[in-house]
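Asks: Note that our numbering has the sequence shown beginning at 1129, numbered continuously upward.
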Amino acid sequence: MIDLAELTRCIESTDMERRGASDLLLGYMHDLQDILRQTKLKALVIDTFGNRVENLLREKYLLVCDAIDRRSLKNTGKSKEGIRCLLDNESQSSVVSTPSHSTHRERISIEYFEIIKPISRGAYGKVFLARKRTTEDIFAIKVCF
1129 MIDLAELTRC IESTDMERRG ASDLLLGYMH DLQDILRQTK LKALVIDTFG
1179 NRVENLLREK YLLVCDAIDR RSLKNTGKSK EGIRCLLDNE SQSSVVSTPS
1229 HSTHRERISI EYFEIIKPIS RGAYGKVFLA RKRTTEDIFA IKVCF
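What follows is the structure, encoded as structure tokens:
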């Protein structure tokens, strides 16, 4: 979680107008993917936060590419159709084609939890106190009828 927070701070502090910002953001994308793959515990917080950071990083990368396109358009005076992000094809396609972490987006089922005791019963179902087996976190789970 600390690595993820540090990486988020680095991404946030990246100056989008700086030369090489797109390469720096691509490096951060690879670092983020490494962090998400190395997570030993399938912690829901890390998965959720990591996926949100990944989406924000992609948005920032696209903004940097747009800024590079605008700069190129201003400098050359050519039409925007012929202008692309000034990166090699390999690095450009790596962000666009980076798959979502399918292993990190698995559905959570009741098997991941140990039911401790029932808390209440309502019109639509029961609420149980449960402990997640991998992280020992405590949750309230509603089971609908």
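Heads up, the beta-carbon is just placed ideally off N, CA and C, and yes, glycines get one too.
Note that the structure is a prediction, hence the values are computed from the model and not measured.
1) How far does the beta strand (DSSP E) with Ala1258 in it extend, from its first residue to its last?
2) List the endpoints of the continuous alpha helix (DSSP H) containing Arg1111.
3) Using CA atoms only, rank isn't needed, just tell me which of Leu1191, Ile1130 and Lys1245 is closest to Val1173.
4) So for Glu1187, helix, strand or coil by DSSP?
5) Suppose the cutoff is 6 angstroms on Cβ atoms and the five residues either side in sequence are ignored; what does the same chain contact list for Gln1161 look like?
6) Leaving aside the five residues before and after Ile1139 along the sequence, list all residues of the same chain whose C-beta is less than 8 angstroms from its C-beta, in chain order.
7) So, Ala1268 versus Ile1247, is the Cβ gap smaller than 9 angstroms?
8) Answer with buried or exposed for Gly1148, where buried requires no fewer than 16 other C-beta atoms within 10 angstroms of its C-beta.
9) Under the DSSP definition of a beta bridge, which residues are partnered with Arg1249?
10) Alpha carbon to alpha carbon, how far is Ile1196 from Ala1251? Give it in angstroms, no decimals.
Replies: This is what the structure holds:
1) Reading the sequence shown from its first residue, position 130 is the one you call residue 1258. If you look at Ala1258, you'll find it in the beta strand (DSSP E) that goes Gly1253 to Lys1260.
2) Given a span of 1129 to 1273 for the chain in the structure shown, any question on residue 1111 remains unanswerable.
3) By one-based count along the sequence shown, residue 1173 stands at place 45. Checked all of Leu1191, Ile1130 and Lys1245; the closest Cα to Val1173 is Ile1130.
4) Position 59 of the sequence shown, counted from the first residue, corresponds to residue 1187. In the structure shown, Glu1187 sits in a helix (DSSP, three-state: H, G or I).
5) Position 33 of the sequence shown, counted from the first residue, corresponds to residue 1161. Take Gln1161, set aside five residues on each side of it, and no residue of its chain has a beta-carbon closer than 6 angstroms to its own.
6) For the purposes of this step, residue 1139 is taken as residue 11 along the sequence shown, with counting starting at 1. Leu1153, Tyr1156, Val1181, Leu1184, Leu1185 and Lys1188, listed in sequence order.
7) Here residue 1268 is taken as the residue at index 140 of the sequence shown, counted from 1. Here residue 1247 is taken as the residue at index 119 of the sequence shown, counted from 1. A distance below 9 angstroms separates the beta carbons of Ala1268 and Ile1247.
8) Numbered from its first residue, the sequence shown carries residue 1148 at position 20. So Gly1148 counts as exposed.
9) Locating residue 1249 in the sequence shown gives position 121, where the first residue counts as 1. DSSP output for Arg1249 lists Lys1254 as bridge partner(s).
10) Walking along the sequence shown from the start, residue 1251 turns up at place 123. Walking along the sequence shown from the start, residue 1196 turns up at place 68. Pairing Ala1251 with Ile1196, the inter-Cα distance amounts to about 57 angstroms.
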